[in-house]
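Per my numbering, the sequence shown starts with residue 1, numbered consecutively.
Think of the CB as a built atom: it goes at the ideal place given N, C-alpha and C, for glycine as much as any other residue.
Model, not experiment: these values are computed from the prediction.
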Amino acid sequence: MAGDGERRRQRLVAALAHAKGPVPGKRLAEALGVSRQVIVQDVALLRSSGTNVASTNRGYVLVEAQGHSRTFKVRHTADQIEEELNLFVDLGGTVEDVVVNHRTYGRLKAKLGIASRRDVRRYLDDIRSSKSTPLSTITSGYHFHHVSAPSEDVLDDIEDALRERGFLVDRLPYELGQDLD
Numbered sequence: 001m002a003g004d005g006e007r008r009r010q011r012l013v014a015a016l017a018h019a020k021g022p023v024p025g026k027r028l029a030e031a032l033g034v035s036r037q038v039i040v041q042d043v044a045l046l047r048s049s050g051t052n053v054a055s056t057n058r059g060y061v062l063v064e065a066q067g068h069s070r071t072f073k074v075r076h077t078a079d080q081i082e083e084e085l086n087l088f089v090d091l092g093g094t095v096e097d098v099v100v101n102h103r104t105y106g107r108l109k110a111k112l113g114i115a116s117r118r119d120v121r122r123y124l125d126d127i128r129s130s131k132s133t134p135l136s137t138i139t140s141g142y143h144f145h146h147v148s149a150p151s152e153d154v155l156d157d158i159e160d161a162l163r164e165r166g167f168l169v170d171r172l173p174y175e176l177g178q179d180l181d
């Protein structure tokens with residue numbers, strides 16, 4: 001029944017393409033009449049075939065590449081997260097993820113997909129309503145963000161604003177050659 005699976009994955013992609021935000025796996029499973037585990041497997045198959053489906057803390061999203069991206073190393077306190085994320089989105093960027101590079105635990109990464117102030121509010125509400133803390137707290141506030149934008153000019157503006165605000169920090173020598181993807 002490979003044809004059924006392929007049709008289901010096409011419907012899954014269509015549902016994500018028409019969604020106005022992240023779609024929880026449970027909702028996709030109900031809509032497609034399968035289990036949550038089947039959705040997880042379908043997403044893995046879609047990714048392996050080149051479809052860019054991201055998992056966020058609010059569900060799955062179909063990621064359309066904006067064409068330009070840059071990795072920023074930043075540092076700030078937990079109280080400054082909202083200011084930092086708003087800076088990215090207000091200047092036209094999408095914060096794709098957060099990455100910490102811990103000397104003991106290694107590289108830890110979480111998808112974010114934050115593209116608007118509304119996304120920032122939801123993310124912060126999720127953090128505040130749980131017992132969890134932001135990933136950057138395990139590295140004294142140091143972390144990386146992969147940010148996509150419609151142009152290099154937007155990324156340059158973001159970099160300038162991060163530097164001006166004091167959030168931007170230089171990579172350490174051991175980080176320079178590292179691929180953080």
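**Q.** Length of the line joining the Cα atoms of SER48 and LEU112
**A.** In this structure, the straight-line span from the alpha carbon of SER48 to that of LEU112 is close to 20 Å.
(Q) Do ARG58 and GLY21 count as a contact pair if the criterion is CB distance below 9 Å? (A) Yes.
**Q.** For VAL143, the three-state DSSP class (helix, strand or coil)
**A.** Looking at the sequence provided, one finds His at residue 143 rather than Val. The answer is strand: DSSP assigns HIS143 an E or B state.
Q: Identify whether VAL34 lies in helix, strand or coil by the three-state DSSP scheme.
A: Note: VAL34 maps to coil in three-state DSSP.
Q. What number of angstroms, rounded off, separates the C-alpha of ILE158 from the C-alpha of THR133?
A. Computed Cα separation, rounded: 25 Å.
Q.
In this structure, how does DSSP classify MET1 when only helix, strand and coil are distinguished?
A. Low confidence applies to MET1: its pLDDT is 44, below 50, so where it sits in the model is not reliable, and the reading given next is rough at best. Three-state DSSP puts MET1 in coil, outside helix and strand.
Q. Touching or not, the stretch 150-169 and the stretch 88-97, by the rule of three or more beta carbon pairs under 8 Å?
A. Yes, the stretch 150-169 is in contact with the stretch 88-97.
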